[in-house]
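Single-structure report; data block below.
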Amino acid sequence: MDEVDERREGHAGAEVVTQRRRRQERALRRREALLGAAADLLGEGGFAAATHRAVARRAGIPLAATTYYFAGRDELLAQAFALLVERELADMRLSLEDVRERSPEVLADKLATVYAVDRPRQLGLWELYLQAGRDPALQDVARAWTDGCDEIVASVLERAGYACGRSEVRFVTTVLSGLWLEDIVEARPEGLERARDVVARALNAIS
């Protein structure tokens, strides 16, 4: 093989590698678009809203792609649930990363407020959380959400100088979760004020 042929072969090989990389990148973009669309639909309309057809339409991708990239709707929703949880925990960390207030009332306000944002998305989250009781495929994600909330609350309590052992953290996060669920379901006008009062009492109990 002469030098020209070697160069041509090398160029052809490089082109094959480039095309393969482009296909992989396109596949990754499509998969991420489908997951993002499913997560958005879950947040907007809950479990029933995230059909294959609706997800494909929202992502701007052919319907057949949903079954190409995911084994079925259950797998798509499980991974979309994981994405929703990831987003929720990231927002919570960002909102609470600088919180160091010792005052129970001030700290209670910070904790109660961070649990009371983006009601549609949280409705989707809680709907999937409850569905995890019937669907083992969702349980690992549900546990990751609980563990993530515990980790965030533990950090906040530690920075503020409160007891932050496992029992104290579980006490506070359980109080918060109960108030959170009540608020997004019932949407009472006084819900946030009531939550602040209850969380302040919980903080006083572990101070």
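Here the UniProt record's numbering is used: position 2 in the sequence shown is 2, and no number is missing along the way. A virtual CB, placed ideally from N, CA and C, is assigned to each residue, including glycine.
Endpoints, the alpha helix (DSSP H) within which residue i is located
i: S155; result: 136-160
i: P104; result: 104-114
i: D183; result: 166-186
i: L192; result: 191-206
i: A54; result: 52-59
Coarse secondary structure for residue i, derived from DSSP in three states
i: R31; result: helix
i: R100; result: coil
i: A90; result: helix
i: P120; result: helix
i: F81; result: helix
i: F70; result: coil
i: G36; result: helix
i: L63; result: coil
i: G46; result: coil
Buried or exposed by the 16-neighbour rule on C-beta atoms within 10 Å, applied to residue i
i: Q24; result: exposed
i: G178; result: exposed
i: R196; result: buried
i: R53; result: exposed
i: G124; result: buried
i: L203; result: buried
i: R31; result: buried
i: V117; result: exposed
i: A90; result: exposed
i: V85; result: buried
i: L63; result: exposed
i: V175; result: buried
i: L28; result: exposed
i: P189; result: exposed
i: E158; result: exposed
Proximity below 8 Å, CB of residue i to CB of residue j
i: A154; j: V169; result: yes
i: Y69; j: L41; result: no
i: D108; j: A200; result: Asp is not the amino acid found at residue 108; the sequence shown has Ala there. Yes, the pair counts as a contact, with Cβ atoms nearer than the cut-off.
i: A38; j: A50; result: yes
i: R194; j: I152; result: no
i: P120; j: E44; result: yes
i: V156; j: V198; result: no
i: L138; j: A78; result: yes
Any non-hydrogen atom of the ligand NAP closer than 7 Å to residue i Cβ
i: E190; result: Absence of the ligand NAP is noted for the structure shown, with no ligands found whatsoever.
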